[in-house]
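Notes follow the structure.
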Amino acid sequence: MSTFEFGTDASFGDQDTSSFGPSEVTQLTAVDLDVRFGGVTSKGGITGSNPESGPIGELLPIYQNTDGSWAITGNRNVDAVLIGSQWGTLNLTYSFPTSGSNYNGVGLDTNGVNNYHLDLGTQQQAAARAAFAQISAYTNLTFTEITETDTVHANIRISQTADADVPSAYGGFPSDTRGVAGDIWFGRNNQPYYDLAAKGTWGFATIMHEIGHTMGLKHGHQDYTNSDLSFYFGSFPRPGTQSLTPDRDGQAWSLMTYTPAPFTNSNFAGEKMNQPQTYMQYDLAALQYMYGANYTTNAGDSVYTGS
Ligand SMILES: [Zn+2]
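The sequence shown begins at -10 in my numbering and counts up one residue at a time.
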């Protein structure tokens, strides 16, 4: 993909409202962050890092394959869901800010999205806690919920916004150069599914997906081989990884791809009430590559019962 296509990706917003309803735009990522935040110099641009106490995002080492593609782990389908950055700590905090002013300071979202701040809904908060619990069960990461204030800031912050410029949702990758790293915003435009974030719903899957971005997971359907991600990661040039192989590009393998099933459309449509309830195998492998495997989860005998 070219840099141009990065910009094109942001037009998911148009697709979403026209034909897919609340689907696609849900998955805006750094690609879209570039468009949304890259041109905000008139408002001062992005400053500082998240967390405000210091830059703790880390770049993952990448190397080039003989065919010109870029690798991190050497397994293409694991690499396909790695953006190439991780948090430099295993102990992360998260919060559900209750005021747009909480975003002021070094990590300010200078695009003004916080001016339209809305609290994350009750079901959404429960879904987020469930997603964090899943990730800690898979990896050595721990997550501690804290109360966000104007002076106390969490690594991962999740809010809604009434800003009409946010067509769906987005989450910021770990970074030591971007203030939006770790911030997740859910828009309110044509998004009837977000409030009802029970397990198995679109809302629940989207919470997991956006949190996945903040952990360092990228879209599995997107090929960044010829892209330059340095706008987000500072290091120049910074290419990205390939997409999932076509036979594995489906949400049975990763909830970070828009493709519902291999060789189908790439719009993350699927069924609104039959969405992934957990991270999938390539998501797990990527998370464990970055943060280690948690061998204490179900370490003893497990008993499965069916009824
Ligand atoms: Zn996404």
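Where a beta carbon is used, it is the ideal one built from N, C-alpha and C, also for glycine.
In this text the structure is predicted, and so the values were computed from the model without any measurement.
Query                                                                                                                           : Result
Those residues which DSSP pairs with H106 across a bridge                                                                       : T150
Which listed residue (Y247, G192, F225) has its alpha carbon closest to that of Q211                                            : Y247
L206 and A275 closer than 7 Å at C-beta                                                                                         : yes
Endpoints, the beta strand (DSSP E) within which D172 is located                                                                : 172 to 175
Meets three-Cβ-pair contact criterion under 8 Å: the stretch 129 to 144 and the stretch 184 to 197                              : no
6 Å CB neighbourhood of D236 in its chain, flanking five on each side removed                                                   : P251
Unbroken beta strand (DSSP E) run spanning A158, endpoints                                                                      : 158 to 160
The beta strand (DSSP E) enclosing Q75, as first and last residue numbers                                                       : 74 to 76
Assigned secondary structure, S219 (DSSP; H/G/I helix, E/B strand, else coil)                                                   : helix
Segments assigned alpha helix (DSSP H), at least 4 residues, entirely inside the stretch 196 to 252                             : 219 to 222
Opening and closing residue of the alpha helix (DSSP H) in which N66 lies                                                       : 65 to 68
Alpha carbon of L81 to alpha carbon of I147, nearest angstrom                                                                   : 14 Å
Span of the beta strand (DSSP E), counted from its first residue to its last, around Y83                                        : 80 to 84
Where the beta strand (DSSP E) containing L48 begins and where it ends                                                          : 46 to 48
Buried versus exposed call for M279 [16 or more other C-beta atoms within 10 Å across all chains shown]                         : buried
Whole-angstrom distance between G192 and Y284, CA atom to CA atom                                                               : 29 Å
Buried or exposed by the 16-neighbour rule on C-beta atoms within 10 Å, applied to M197                                         : buried
Span separating the alpha-carbon of I45 from that of F121                                                                       : 19 Å
Residue from Y52, D290, G176, G229 with nearest C-alpha to Q113                                                                 : G176
Same chain only: Cβ atoms within 8 Å of G189, ignoring 5 sequence neighbours per side                                           : M262, N263, Q264, Q266
Contacts around S291, its chain only, beta-carbon distance under 8 Å, and the 5 residues preceding and following it disregarded : none
Test item: CB-CB of W59 and P228 under 7 Å                                                                                      : yes
In DSSP terms, what I124 is bridged to                                                                                          : Partner(s): none; I124 has no beta bridge.
Buried versus exposed, by CB contacts within 10 Å (16 or more), T15                                                             : Confidence at T15 is low in this model, with a pLDDT of 31, below 50, so the placement of that residue should be treated as unreliable; the coordinate-derived value is given next. Per the 10 Å Cβ criterion, buried.
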